[in-house]
Amino acid sequence: MELIFPTLAGIASGVVAGLIPGIGITALMISVGLFFVADSPLVVLAYYIGLLCASQYVGSMLAISFGLPGESSSLPAVKEGYPLFQRGQGSLAIGTTAISSFFGSFISMALFFAILPVAEYLVYIWNTNMLVIIFSVAMLLTFYISDNKLWVSLIMAAIGVNLGMVGMNMTIGTNYMTFEQWWLYGGLPMIPVLMGCFVLPELWKAQFESKAEAKEIKFKLDVKDNFEHSRASWLVILVHSIVGFFCGLVPALTTKLASNLSYFLQKSKEVRYNNYTGPGNLKSLIAAETSNNAATFSVLLPLLFLGIPITTSEFILYDHIQDTTTGLNLEYILNNFDILLACFVATNFICLALAWPMANTCLAVYRLPANLLKLVTVFLVLFPIIYTGLLEEQLLFYVGTFILCSVIGMIFRRYDTMPIVFVFLISREFIEGFHRFYVINVL
Amino acid sequence: MKRILTMAIALFAMATTTASAIELVIPAGNKGGIYTISKHLNAELAKIGVETNMDVQGSCPKGMAKFRSTDKPSIYIASSAKNSSHTFVKGCDFTEAAFEEQYVTPAFMAVMALCAPKKGVKFSDLKGQGWKTYTIGTDASRAWAAQANMEAAGLKVKTVNYKNSSAARAGMMAGDVDFFWSNAKEAPKVADAGGECLLATSADDFNGVPGMKSVTGVDPIGGSNIYWVAARNMDAAQLKSIKAAVEQVVTSEATQEWAKSKWFLTINGKSAADLKAEAKDYVTVFTVDR
């Protein structure tokens, strides 16, 4: 019973994180999460589970309705969901992604129990050789499934790597394009890069190149139709729950690797069977959304069972838990695992309700006349940049990065700019992984 | 004397809180030793009436830039070790003049440890296999110490750098490397995951982990780091008061217990002058090319 309030508070926070780009789960863990640091680690864990799950469910809604990624894992939802919304199939996109996300979470949970007898071998996903294979597959798929010609994708990948490698990297001992400016030592901030290189060209296409009329943000609940479409994609849901489960264990990348890798895999399949006729492919959307929700379960496992936080928000969670008398230890987690599972299950039921039958209520705040909606979209692009810039006391740097990336995005506006941002997102892990691979196996 | 000191601190606290709280600039994210110490100081200083505002800057260069540019009375927790740690990161360095001007007092110390993925590994068995090169996973800032200490102990080693200690620990458990070198506070986490720390770079056993000399027969080389407090924008009286306040906190009984639970060494019984000299050497003499 004591966990009901923190779980609901976590869900409410997740809804905010999902609806307002820039207010990520890390920021919420630092601020609101602090109020749930009780002497029982379960309280803050319940808050975190609610926050993590709800942000994934609701982030997809924003991506589908506005073409804005609430989280970096929502990029495929922008690419495939937003065109569906523009074609008047928003209800279908919202319904099927909510259902597939829900099943993705449960399949991931079931998968964990199925492989429990050999769970100790899961740690081998952190093996550098394995990570190098995963990153390489993801990178190759980026080129393979992109709508661009190969040379365009390669140029974009080069731009992505260069943007991603800016800064000092202690792990491999590089100091790249910092020009001796301390504010560049930490690298380029993610939000302005995503907004400039990806969101802006996508919105441009939707606004000026699409023939679709602006749609009202109102979804029709069609339970039978949504379930039938989800049922028709049962294999996609199953396969990408498994992909998401394993990607959720990859340090630092977790949900963003899960959704993007699943998207690339499914899209390549759709292309191969000539089922891909352009952005707005439902199965690719389902694959990505199933996968990132499957990852929200597995991402917790290294922290709970091995005490290894693998994302920034988990570091904060871990710190909060260590402040309790109990701390984080295996015995405590095993004794309370059923409670945590119950919390996860309940959260997913509530999130399903929020992201599907209650989608209109959640997005009511954005139900505005078309002209005003355009203004809101502009606000939602600029707000996260200004907000995070102010928060980091680096407003000029954030705005400057956005301007630079907007120029890049607009130069490539007629192409699919996803390779730039995906390569940007994984480049550090990718290069560090290769460097370690070289040190371990070659040096 | 203690009463006078407490009164002086209280007066200083009143003066500063009415004006504004001291900025506690944290040159790190919400994790790691500097953050943990800053959080503890923030809470304990408040108990004796010294209000500080924690300002988490996320990274060392950013924290240092803030500390250098602010015009508010500020303190900053620096971490220095031989050829490693924060004060060697580009943008986080102190010149000798800046060190002399800003150094206030030492706060804590920490030692490092060598850990294995499984229990029952004996260091003496490793030395018997002279043909073998062992791989040690570590975060980049501790690579020098890992290599220097293990070579001094007679092992052929190769260090593999990871983003942070958690990633290095995960790498060891995934079979990337033979051992893991990190802050000794990782020992309980290694034990939870089925491993064991073989030695700590402390003079004696540390929280149950054997000291390096007792295991290898050689003294540790630069295996410890000092966390010390720097201050800016304070006059002599303010500096004296903040120094007294921090010293009162770090030598208190409550902090001794806290430090033990967090695997920090306290500065009790150590000469402040020696610690300052050691920190100064770490900052100004021992450098590695990054």
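In the order they appear, the protein sequences are chains A and B. The first sequence begins at 8 in my numbering and counts up one residue at a time. The second sequence begins at 2 in my numbering and counts up one residue at a time. Just so it is clear, CB atoms sit at the ideal spot from N, CA and C, and this is done for glycine as well. Remember, it's a predicted structure, so these values are computed and weren't measured experimentally.
My guess is that M113/B and G224/B are in contact by the Cβ rule of under 8 Å, so how many angstroms apart are they, rounded?
Along the second sequence, one-based indexing puts residue 113/B at 112. Along the second sequence, one-based indexing puts residue 224/B at 223. That belief holds up - the Cβ atoms of M113/B and G224/B are roughly 5 Å apart, short of 8 Å.
Starting from I433/A, trace the alpha helix (DSSP H) both ways and give me its first and last residue.
Here residue 433/A is taken as the residue at index 426 of the first sequence, counted from 1. For I433/A, the enclosing alpha helix (DSSP H) begins and ends at M425 to N448.
Quick one: is V105/B buried, meaning 16 or more other Cβ sit within 10 Å of its Cβ, or exposed?
In the second sequence, counting from the first residue as 1, residue 105/B sits at position 104. With 16 or more Cβ atoms within 10 Å of its Cβ, V105/B is classed as buried.
Start and end of the beta strand (DSSP E) containing F150/A?
As a first step, residue 150/A is located in the first sequence; it is residue number 143 there, counting from the start. No beta strand (DSSP E) contains F150/A, which is instead part of the alpha helix (DSSP H) from T135 to I152.
If I measure Cβ to Cβ from G203/A and keep anything under 6 Å in the same chain, skipping five residues before and after, which residues do I get?
Residue 203/A sits at position 196 when you count from the first residue of the first sequence. Excluding residues within five positions, the ones whose Cβ falls inside 6 Å are F409, C412, S413 and G416.
Rounded to the nearest angstrom, how far is the Cβ of L199/B from that of L266/B, given a contact under 8 Å?
What you label residue 199/B is simply residue 198 of the second sequence in a count that begins at 1. What you label residue 266/B is simply residue 265 of the second sequence in a count that begins at 1. Actually they do not touch by this definition, with Cβ atoms about 19 Å apart.
Going by DSSP in three states, C358/A sits in which element: helix, strand or coil?
One-based indexing of the first sequence puts residue 358/A at position 351. Helix at C358/A.
What is the residue span of the alpha helix (DSSP H) that D1/B lies within?
Absent from the model: residue 1/B. The displayed extent of chain B is 2 to 291, so no value can be given.
At least one CB of chain B closer than 7 Å to the CB of I328/A: is that the case?
By 1-based counting over the first sequence, the position of residue 328/A is 321. When Cβ-Cβ separations below 7 Å define contact, I328/A makes no contact with chain B.
For a contact defined as C-beta to C-beta under 9 Å, what are the partners of T136/B on chain A?
Translated into the one-based positions of the second sequence, residue 136/B becomes position 135. Within 9 Å Cβ-Cβ: V446 and I447.
Give the list of continuous alpha helix (DSSP H) stretches no shorter than 4 residues that lie fully inside the stretch 282-320 of chain A.
289-305 and 308-313
Run through DSSP, which three-state label would L266/B get?
For the purposes of this step, residue 266/B is taken as the residue at position 265 of the second sequence. Here L266/B sits in strand by DSSP.
Hey, out of Y55/A, L129/A, M8/A and P391/A, whose CA is closest to T319/A's CA?
As a first step, residue 319/A must be located in the first sequence, where it is residue number 312. T319/A has its Cα closest to that of Y55/A, out of Y55/A, L129/A, M8/A and P391/A.
Going by DSSP, name the residue or residues bridged to C198/B.
To locate residue 198/B, count along the second sequence from 1; it is residue 197. BP columns for C198/B point to C116/B.
For a contact defined as C-beta to C-beta under 8 Å, what are the partners of L397/A on chain B?
Taking the first sequence and counting its residues from 1, one reaches residue 397/A at position 390. Simply none; closest approach about 14 Å.
What residues match up with G251/A in a beta bridge as DSSP calls it?
The count along the first sequence starts at 1 and reaches residue 251/A at position 244. Beta-bridge pairing links G251/A to no other residue.
Can you tell me whether G209/B is helix, strand or coil according to DSSP?
Sequence index remark: in the second sequence, residue 209/B carries index 208 (1-based). Collapsing the DSSP output to three states places G209/B in coil.
Ignore the nearest five residues each way along the sequence and tell me which others in I249/A's own chain have a CB closer than 7 Å to its CB.
The residue labelled residue 249/A in the question sits at position 242 within the first sequence. Result list for I249/A: L118, in chain order.
Kindly say whether V118/B, judged by its beta-carbon, lies nearer than 7 Å to any beta-carbon of chain A.
Within the second sequence, numbered from 1, the residue matching residue 118/B stands at position 117. Residue 118/B is actually Pro in this sequence, not Val. It does not: the Cβ of P118/B has no partner Cβ on chain A nearer than 7 Å.
With 7 Å set as the bound, which would you pick, yes or no: does the beta-carbon of V4/A sit closer than that to a beta-carbon of chain B?
The structure shown has nothing for residue 4/A, since chain A only spans 8 to 450.
List in chain order: all unbroken beta strand (DSSP E) runs of 3+ residues lying wholly within the stretch 171-244 of chain A.
174-176 and 181-183
Please report whether the beta-carbon of N31/B lies at a distance below 7 Å from any beta-carbon of chain A.
Reading the second sequence from its first residue, position 30 is the one you call residue 31/B. So, interface residue.
Would you call the stretch 8-22 of chain A and the stretch 284-301 of chain A in contact, with 3 or more CB pairs under 8 Å?
no
Closer than 7 Å, CB to CB, is F59/A near chain B or not?
The residue you call residue 59/A lines up with position 52 of the first sequence. First, the amino acid is wrong: residue 59/A is Leu here, not Phe. Output row for L59/A: interface = no.
Using a threshold of 7 Å, state whether the C-beta atoms of I433/A and K274/A are closer than that.
On the first sequence, residue 433/A is found 426 positions in, with the first residue counted as 1. On the first sequence, residue 274/A is found 267 positions in, with the first residue counted as 1. The answer is no: Cβ separation not under 7 Å.
Buried or exposed: which applies to I114/A, given that a residue is buried once 16 or more other Cβ atoms fall within 10 Å of its Cβ?
Along the first sequence, one-based indexing puts residue 114/A at 107. Buried, by the Cβ-count rule.
Keeping to the same chain, check which residues put their C-beta closer than 7 Å to that of I438/A; ignore five residues upstream and five downstream.
By 1-based counting over the first sequence, the position of residue 438/A is 431. Hits under 7 Å: M172 and I179.
Just tell me which of K156/A, G194/A, Y128/A and Q63/A has its CA closest to the CA of E63/B.
Taking the second sequence and counting its residues from 1, the one referred to as residue 63/B is at position 62. Sequence check: residue 63/B is Lys here, not Glu. The option with the nearest alpha carbon to K63/B is G194/A.
So who's on the other strand from T136/B, going by DSSP bridges?
As a position in the second sequence, residue 136/B is number 135, starting the count at 1. K159/B.
Hey, is P258/A's beta-carbon within less than 7 Å of any beta-carbon in chain B?
Looking up residue 258/A in the first sequence gives position 251. Chain B, which has a Cβ nearer than 7 Å to the Cβ of P258/A, makes this yes.
Going residue by residue through the stretch 234-279 of chain B, where are the continuous alpha helix (DSSP H) segments of at least 4 residues, counting only ones entirely within it?
As summarised for the stretch 234-279 of chain B, the continuous alpha helix (DSSP H) elements at least 4 residues long and confined to that stretch are 237-251 and 254-263, given in chain order.
In this structure, does DSSP put Y339/A in helix, strand or coil?
Stepping through the first sequence from its first residue, residue 339/A is reached at position 332. Y339/A: helix per DSSP, three-state reduction.
Grab me the residues of N367/A's own chain with a C-beta within less than 7 Å of its C-beta, minus the 5 sequence neighbours each way, in chain order.
Taking the first residue of the first sequence as 1, we reach residue 367/A at position 360. For N367/A, where only same-chain residues beyond five positions count, the Cβ hits under 7 Å are K225 and F226.
Let me check understanding here. Comparing Cα to Cα, which of L59/A, W211/A, S47/A and F12/A lies closest to A34/A?
Your numbering for residue 34/A matches position 27 in the first sequence. When each option's Cα is compared against that of A34/A, the closest is L59/A.
I want to verify the contact list: residues of chain A whose CB lies under 9 Å from the CB of N162/B, in sequence order.
Stepping through the second sequence from its first residue, residue 162/B is reached at position 161. Neighbours of N162/B on chain A, chain order: M177, T178, I179, G180, E439, H442, R443 and V446.
Is there a Cβ from chain A that is less than 7 Å from the Cβ of S203/B?
On the second sequence, position 202 is the one that residue 203/B refers to. Chain A contact via Cβ: absent.
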